[in-house]
Every structure is written in structure tokens, then in C-alpha cells.
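Chemist: What follows is a structure written as C-alpha cells; I'll ask about it next.
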Amino acid sequence: MFLCCGDALYDVFPGDSASTGQITLNATVGGSPLNVAIGLARMGNPTGYLTANSNDPLGQKLANHLDANGVETKFLASSNLNTSLAMIALNENGHPAYSFYIDGCADVSLCKEQCPDPSLFKAVSLGSYSTVVEPGASTLEWFAGEARSAGALIAYDPNVRPSIQPDPSVWQAKVDRLGKIAHVMKMSDEDIEFLSPGSSIEDYARTCLALGPRWVFVTQGGEGAHAFGANGEYFHTAAPKIKVMDTVGAGDTFQAGLIHEIFQQGGVSNLNNLDAAKLIKFAAHAAAVTCERNGGDLPTLAAISERFGDLS
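Residues in the sequence shown are numbered from 1 upward in steps of one, following our numbering.
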């Protein structure tokens with residue numbers, strides 16, 4: 001079983017209203033690692049989710065949503081704290097800007113005593129704000145280390161959220177620590193620009209590889225995606241030509257696609273022999289399907305195949 005860990009919130013999309021004193025809101029279950037869990041499950045992988053989940057009505061509905069999408073919910077730790085919210089505004093290109101309401105909320109409160117046996121999982125994926133907001137951040141870092149020691153693949157996506165923590169040094173310190181635990185790291189060009197302004201994608205990826213991961217993957221929107229290997233490997237895949245509805249969940253789909261394809265190619269024991277070109281091609285096309293949909297609706301394998309055919 002795979003396990004994704006961290007954020008558990010609602011993405012809230014403001015709408016138009018005829019009244020100047022009213023606003024309509026459309027809320028959907030979200031959170032970067034949570035999206036990855038749903039993506040992996042929709043690709044046919046047994047997947048669980050680990051977080052402290054509120055027992056308020058929103059948290060209960062969130063758990064039901066995970067269950068309805070085939071994600072194992074027995075690793076959710078019940079919390080009396082509130083469910084986190086993210087207000088999302090989309091620009092004319094469908095690119096989201098986030099405002100988060102997470103202070104004192106459930107998903108950043110996870111403690112060691114609420115974590116399952118790390119030896120139960122063949123892969124653990126984590127990232128985003130839950131890796132920098134305490135006390136949950138230290139818990140997730142500890143759990144990732146324990147899971148790696150138990151033989152799991154560790155996949156880390158910083159997925160920085162400056163509106164939550166505007167100090168790049170805080171995020172970079174976490175990259176430095178989790179980079180020593182992770183087998184694979186995935187990030188966007190926007191993450192790199194925030195973490196190391198002016199650095200090239202390749203220079204920053206190589207800096208991350210020096211921490212210890214076997215592979216670093218970088219997404220670049222319409223310019224495609226890159227794979228950098230610790231043995232000097234480099235691969236690039238072009239982005240499919242599509243009509244973008246919005247990009248919410250695209251990076252999470254890419255992360256899910258990476259993990260899925262890594263295990264199609266043999267998993268953690270075969271990282272030195274990955275067909276990384278095929279890996280990023282699959283992940284990029286999976287992400288493209290999400291971009292053709294509204295609101296971070298991650299695809300099944302059947303949907304990816306129906307849209308793009310054989311990606312081998």
C-alpha cells in the first residue's frame with residue numbers, strides 16, 4: 001500500500017453574485033498530498049491517507065470523499081480542531097492564487113502517537129505546507145525517516161505556499177532535511193524561483209541531488225517537465241497541447257503519475273534503472289488531463305489512455 005501524508009482542507013472558489021453584499025462559494029475537498037492520494041487510487045493503486053482530520057462536518061465529509069475515491073481512511077486521526085480552508089482565485093489563464101486559513105487547524109496538528117506502523121507501506125508521499133507548519137511538520141519528517149528505514153520509497157514535493165510561510169529559508173531548511181530522506185523529489189519551476197531566485201532549473205535540481213535523492217523531477221507548465229538523475233542523467237518531455245481549464249491539481253497529478261510509474265517499473269529497488277523519459281511523459285500527460293478539467297479533478301488510468309492512447 002502507498003501512503004500520502006499531510007494537508008486536508010477545502011479549496012473554496014468564490015463566485016459572482018448579483019448582490020454587492022453577497023458572494024457565492026463553491027468548496028471542494030483539496031490539499032496537495034490528499035490529491036496525490038486520490039490520484040494514486042484512481043490509477044489503481046491501494047493507497048491510504050495520514051493526517052489529523054477534524055471531526056467537524058467538513059472533516060467528516062472529507063473522510064467520506066476519500067473513501068468514495070478508494071482511499072483507505074483508517075489512518076485518519078480524529079481531531080477536535082477545525083478543518084483548514086484555502087480560498088482560491090483563478091487568473092485569466094486558469095492559474096490559482098491561494099489564501100490559506102490553517103492556524104490552529106487539524107491537519108497541521110499530527111503527532112507521533114497518531115502515526116501508523118511505517119513498515120506497512122511501500123511508498124510514502126508528502127509535501128506542501130504540512131511539512132513546514134508545526135507541530136505536524138516535525139511528525140511528518142520523523143515518519144518519513146522511519147518509513148525509509150523500513151524500506152519504503154519516499155517521494156517529496158515541497159509545493160511551497162508563500163502565503164502560509166513567506167520566508168524562503170524556512171522552506172529551504174525543510175528541503176535540505178527531507179532531501180536527505182527522499183528517494184525522489186518533485187518540484188515546479190515556481191518553487192525553484194521562490195526557494196532560490198535566479199537559479200536555473202538544472203542548477204537547483206543538481207543542488208538537491210547532492211542532498212541524496214536518486215531523482216529530481218521539475219515541472220515547467222507549458223514547457224513540459226525535466227528529470228535529473230544522481231548519475232548525471234537528464235531527460236525532458238514536452239507538455240501536451242491542450243486547452244487549459246485550470247491548473248489546480250496538475251502538480252499533484254504529476255506526483256501521482258511519477259509514483260505510479262516508478263512502481264510499474266519495479267519500485268524502490270529499481271531506481272537506478274528507471275526509464276525516466278517514459279516516467280515523465282506519463283506523468284505530464286496525466287497532469288494534462290487534469291488541466292482540461294475544472295477544480296483539480298484527477299484522472300483514472302482509463303481517462304488518460306482514452307485521451308492520449310499508449311504512452312509507452
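Backbone N, C-alpha and C define an ideal beta-carbon position, used for all residues, glycine too.
Predicted model, so just to flag it, every value in this text is computed and none were measured.
1. The alpha helix (DSSP H) that contains ALA97, what's its start and end?
2. Are GLY31 and ASP246 close, meaning C-beta to C-beta below 9 Å?
3. Let's see if you can read the secondary structure: which residues bound the beta strand (DSSP E) around PHE217?
4. Could you tell me the alpha carbon to alpha carbon distance between LEU3 and LYS122, rounded to whole angstroms?
5. Using DSSP bridges, identify the partner residues of ILE154.
6. Name the one or two DSSP bridge partners that PRO14 has.
7. Counting Cβ pairs closer than 8 Å, one from the segment 19-28 and one from the segment 49-57, do we hit at least three?
8. By Cβ distance, which residues of its chain are closer than 6 Å to VAL244, with the 5 residues on each side in sequence left out?
9. Would you kindly work out how many angstroms separate the C-alpha atoms of ASP56 and ARG161, rounded to a whole number?
10. Give me, in chain order, the residues of the same chain whose beta-carbon lies closer than 8 Å to that of ILE242; leave out the 5 immediate sequence neighbours on both sides.
11. Can at least three beta-carbon pairs, one atom from the segment 148-168 and one from the segment 266-275, be found at a separation below 8 Å?
12. Please report the straight-line C-alpha distance between GLU233 and ALA227, rounded to a whole angstrom.
13. Thinking just about the alpha-carbon of each residue, which of GLU193, LEU40 and ALA286 is nearest to the one in THR237?
14. How about ASN35 and ASP252: are their beta carbons less than 9 Å apart?
15. In terms of residue numbering, what span does the beta strand (DSSP E) encompassing ILE88 cover?
16. Which one of ALA277, TYR101, GLN255 and LEU209 has the shortest CA to CA distance from ASN231?
17. Quick check on PRO135: buried or exposed, where buried means 16 or more other Cβ atoms within 10 Å of its Cβ?
18. Just curious, the alpha helix (DSSP H) that GLN184 is in, first and last residue?
19. Ordered along the chain, which non-local residues of its own chain (more than five positions away) have a Cβ less than 6 Å from that of SER196?
20. Buried or exposed for ASN273, going by 16 or more other Cβ atoms inside 10 Å?
21. Give the single residue among VAL184, PHE282, GLY296 and ARG148 whose Cα lies nearest to the Cα of ALA302.
22. Between the segment 140-150 and the segment 76-92, can you find at least three pairs of beta-carbon atoms closer than 8 Å?
23. Throw me the rounded Cβ distance for the PRO33 and LEU126 pair, which I believe falls under 8 Å.
24. Helix, strand or coil: which one does DSSP assign to THR139?
25. Can you tell me whether DSSP reads GLU134 as helix, strand or coil?
26. At what residues does the beta strand (DSSP E) containing THR313 begin and finish?
27. Could you pull out every residue in the same chain whose Cβ sits closer than 7 Å to the Cβ of ALA63, ignoring the five residues on either side in sequence?
Modeler: The short version:
1. No alpha helix (DSSP H) holds ALA97; the beta strand (DSSP E) holding it covers 96-101.
2. no
3. 215-219
4. 8 Å
5. According to DSSP, ILE154 shares a beta bridge with VAL124.
6. LEU25
7. no
8. GLY94 and CYS291
9. 25 Å
10. ALA288, CYS291 and GLU292
11. yes
12. If I take the Cα positions, the gap works out to 8 Å.
13. Looking from the CA of THR237, the closest CA among GLU193, LEU40 and ALA286 belongs to ALA286.
14. yes
15. 84-90
16. When each option's Cα is compared against that of ASN231, the closest is LEU209.
17. exposed
18. Just to set this straight, residue 184 is Val in the shown sequence, not Gln. Per DSSP, VAL184 belongs to no alpha helix (DSSP H); it is in the beta strand (DSSP E), 184-188.
19. TYR204
20. exposed
21. PHE282
22. Contact between the segment 76-92 and the segment 140-150 is absent, because fewer than three Cβ pairs lie under 8 Å.
23. About 6 Å; that satisfies the 8 Å criterion.
24. helix
25. Note: GLU134 maps to coil in three-state DSSP.
26. The structure shown has nothing for residue 313, since the chain only spans 1 to 312.
27. ASN53, THR73 and LEU76
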